[in-house]
Structures are given as structure tokens and as C-alpha cells.
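Structure, as C-alpha cells:
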Amino acid sequence: MSILVTGGAGYIGSHTCVELLNAGFDVVVVDNLTNSREITLKEVESITNKNLTLYSVDLLDSESLHKVFENHTIDAVIHFAGLKAVGESVEKPLYYYETNLRTTINLCKVMEAHHVHKLVFSSSATVYGIPEQVPVLETAPIQATNPYGRTKIMIEDILRDVAAASDKWSISLLRYFNPIGAHKSGRIGEEPSGIPNNLMPYITQVAVGIRDELSVFGDDYPTEDGTCVRDYIHVVDLALGHLKALEKLDSSSGTQAYNLGTGNGYSVFQVISAFEEASGKTIPKKVAPRRAGDAPVTYADATKAEQDLGWKAERGLLEMCEDSWRWQSHRSKQNAK
Ligand code: NAD
Ligand code: UFG
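Numbering (numbering that gives the first Met the number 0), first residue to last: 0 to 336.
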């Protein structure tokens, strides 16, 4: 079976390629490498001792995408490609709407033309905005606080309409909570360009001395220690969720949304403590003002994924921190060479 992975050179995509290859799938990656590097896929090949095929193609380029489908018999698509920086999406909304929506529309049109109707889409817990209740169920109200989040809501709507128009389609909308961690080998992981927006890459960069100190955005939230609570999920657990979702597409039609989270919430201070324990490093920090748009508390009810897909996250916070730290240490040593 051949799986097309868009955005397969990126953070979550590369970890999913490892699990797909390990499970015996043939993997074809389409990635324009705007936020990733080809070497990551070489690492994937070396970790798994298997080969994959990379097309350095922009999903906005339908003609090239058609050629990929002509060259391979694709059974299903996992669609990671897209832009994901919340702050940038506020500054450049048209760039975000155009890229995230048009790439997905192009992809679906090309899939349709080649009679491929199985799709797993990277949605996000951002579609719940600031949830009224936790744990968050898939049936919770949908709302977003920024253009990036609205692209995910719009794409979910588009995909529901596509599946409603033809029962050939089977589409899984996976709503990720907060992916962190890295592959055990330390050879692939999250690699943000510039100053990290997200908590874990910022912490790891402070730990290796790239940044001086972490700003904790707000300690006056109505939580136990005053800092925001999130559902951090190991990227390998997340990757494995995609394999379960793929399997399910064979026996279902229409669209289904699934939360992929652990069901546990941890505060910013708890994450910092866990990281300090895992790495043996102290993370200098200061409390800074709240960041606009942050939900005080969000974590998943992931029961639906467990019941329908037979998937459950297994890796805990300490392991996530150990693996993030191994990856960052490895990268820093490589950069120093
Ligand atoms: P990433 O940036 O590491 O990976 C995305 C990949 O898509 C990159 O390799 C990039 O080069 C590629 N890409 C971007 N635009 C493209 C285009 N026009 N054509 C072809 N390739 C293109 O991001 P990630 O963290 O791996 O996220 C993957 C998906 O998961 C994204 O859709 C993101 O919105 C979603 N998601 C991520 C998170 C998170 O915290 N990382 C949380 C929820 C949802
Ligand atoms: N935080 C800090 N300091 C930092 C970075 C983050 O205190 O330097 C705090 C944030 O205020 C928040 C928590 O750490 O309380 C987590 O923040 P992240 O930016 O790591 O994650 P978010 O929950 O804000 O958002 C992430 C992705 C979104 C995705 C969402 C899914 O950035 O794209 O998870 O829930 F949609």
C-alpha cells in the first residue's frame, strides 16, 4: 500500500513517515521544504532502514501534483502540509488563507481525478478556541481566536462538504492537542525557524544556551499554580494515531473528527519542572504578561479515538521531555561541528 504524505519532511510528518515505513507501507512525500529540510527524510530512511520517495513540490502546483499521482498508485493521503504559526497568521492572514485552503482544495481535486478518496487531515485543538468545558469533546463548540485556527475550521467544513457530495470519500479530521517530544534516536524532532513560538522548543533552546531565559506568559490564570494548562502529547503517539486513522478509513465513509491528546493537563510550571528533571538543567525563567488569545485550560477527552480507532497515547510527560532534550542536544552538537 502506498501512502502519500504531504508535509512529510516536517515535524509531525517525519515521525509519521517513520511509523508508516516501520509498518510496511510505501511512502511518497510531497513537501516544498519551506519549513523543513531534505536531510530529515534521509534520517527517516536511516532510522527505518527503508527508502521513501520525496517530491519537492508545492501543493499549489496542481500540474506537478498530478504527475506524482501518475507515477504512483496511491491508496490514501495524509495531509500535513500547511502553515502553522499563529502570530504570523495574524500578520499575514491572506497568505495563510490562500496557502492552507488552496493547497487542500488542489489536493482534493487531484485526488478525485485519480480516484483516491481516503484522506487523513491534520486539524488542531485550536478549533475549540477557548473551551467552555474540559475535558474537550469533539462535539464542543467550534470557534477560533486567530486566522490560523480559522483556516483549520474552514478546511474541516470544506472536507465535510466534499464527503457529503460523494460517499466515495472517507476522511478523518484529527484534532491534535500539543505535540512535543521527538523520536528516541534523537535524529529527528521539531526544528522551528527563528524564535520559537511554542513552549517546548523555547525551553530546549534555553537549556542549550541559545536563549537566555523563558518568559512564562501569565501566572494569574485560574489554575492551581496560575499558569495555563495544556494536553501535551508525544509526537510518536500522535504519529501512531495516524496509522490507526488510516486503518479505519478502509471500513468507513464520510468524515469523522477525533481528538488526539492524552486526556491529561499540565501547567507551564509543571512542564518546566518535568523538563528540569529529565535534562538535569535549570531553566531560567521570568513571569511575563499573558499572551493574547491563550486559553487558560484545555485538554482532550480522547475517548472517541480510543473506542473507534483503538488508539490511546501511551507516553508520559517525563518521556516527552527526555526525548525533546535528546533531540535538542543532538542538534546543538551537529550545529557546533
Ligand atoms: P511543519 O511546519 O513542521 O510541517 C509542515 C510541512 O509542510 C513542512 O515540511 C513544510 O515545508 C510543508 N509545506 C508547507 N506549505 C507547503 C506547500 N504549499 N506545499 C508543500 N509542502 C508545504 O508542521 P508540523 O508541526 O509538522 O504540523 C503539521 C500539520 O499539523 C500542520 O497542518 C499543522 O497546522 C498541524 N498541527 C500542528 C500542531 C503543532 O503544534 N505542531 C498542532 C496542531 C496541528
Ligand atoms: N508559553 C509560555 N512561554 C513561551 C511559549 C508558550 O509561557 O515562550 C505558554 C503559553 O502561554 C501556553 C503554553 O505555554 O500557556 C503552551 O503554548 P504553546 O504555544 O506551546 O501551545 P498553544 O497551546 O498555544 O498552541 C499550540 C500550537 C497551535 C495548536 C494548539 C493546539 O501552537 O498551533 O497548540 O492546541 F493549534
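Idealized CB from N, CA, C, for every residue including glycine.
- Around the beta carbon of N177, a 10 Å sphere encloses 16 or more other beta carbons of the protein chains shown; the residue is thus reported as buried.
- Proximity to I282 across A238, E212, H329, L245 peaks at E212, based on C-alpha coordinates.
- Judged by DSSP secondary structure, A256 falls within the beta strand (DSSP E) whose first and last residues are 253-259.
- Contact between D30 and S1 does not hold, since the beta-carbon distance rounds to 16 Å and is not under 8 Å.
- For N177, the pairing in a beta bridge is given by DSSP as Y231.
- If you keep only unbroken alpha helix (DSSP H) runs of at least 4 residues inside the stretch 45-92, you get 61-70, 85-90.
- I46 is a Cβ neighbour of V17, given a cutoff of 9 Å.
- In this structure, P195 has its CB closer than 8 Å to one or more heavy atoms of the ligand UFG.
- Judged by their CB atoms, V115 and V56 are not nearer to each other than the 9 Å cut-off.
- CA-to-CA, the gap between Y231 and E111 works out to about 35 Å.
- Rounded to whole angstroms, the separation of the alpha carbons of E69 and A84 is 33 Å.
- Between G148 and G180, the CB-CB gap reaches or exceeds 9 Å.
- In terms of CA proximity to A273, A206 leads the group A304, A206, A238, L237.
- In this structure, G260 and A124 form a Cβ contact; the two beta carbons are roughly 7 Å apart against a cut-off of 8 Å.
- The Cβ atoms of L58 and F120 do not sit closer than 9 Å to each other.
- For the set H14, G6, Y10, the Cα lying nearest the Cα of V235 is the one of H14.
- Residue nearest to N21 within the set E44, E62, G217 is E44 (criterion: CA-CA distance).
- Distances from the alpha-carbon of T5 to those of V67, E42, K41 put V67 closest.
- Fewer than three Cβ pairs drawn from the stretch 245-262 and the stretch 181-194 lie within less than 8 Å of each other, which leaves the two stretches out of contact.
- With a threshold of 8 Å, the Cβ atom of T98 counts as near the ligand NAD, since some heavy atom of the ligand is closer than that.
- Exclusion of the five residues before and after L32 leaves A8, S55 as the residues of its chain whose Cβ lies within less than 7 Å of its Cβ.
- In this structure, I202 is the residue among D300, I202, T103 with its C-alpha nearest to the C-alpha of W324.
- Taking all protein chains shown into account, K151 has 16 or more neighbouring C-beta atoms within 10 Å of its C-beta and is therefore buried.
- Per DSSP, the unbroken alpha helix (DSSP H) holding I152 starts and ends at 146-164.
- Per the DSSP secondary-structure output, T5 pairs in a beta bridge with V29, H78.
- Here I11 is buried. Its C-beta has 16 or more other C-beta atoms within 10 Å.
- The ligand NAD approaches A8 closely enough that one of its heavy atoms is under 8 Å from the residue's Cβ.
- Ranked by Cα distance from L237, the options V126, A301, S331 are led by A301.
- In the three-state reduction of the DSSP assignment, Y220 falls in the coil class, being assigned neither a helical nor a strand state.
- Across the structure, D293 and I104 are spaced so that their CA atoms are roughly 30 Å apart.
- Collapsing the DSSP output to three states places F274 in a helix.
- Nearest in C-alpha terms to K311, of all of K41, R36, A299, is A299.
- Straight across, the Cα-Cα distance linking N196 with I141 is about 23 Å.
- Distance check between L242 and each of Q269, L308, R290 places L308 closest, using alpha-carbon atoms only.
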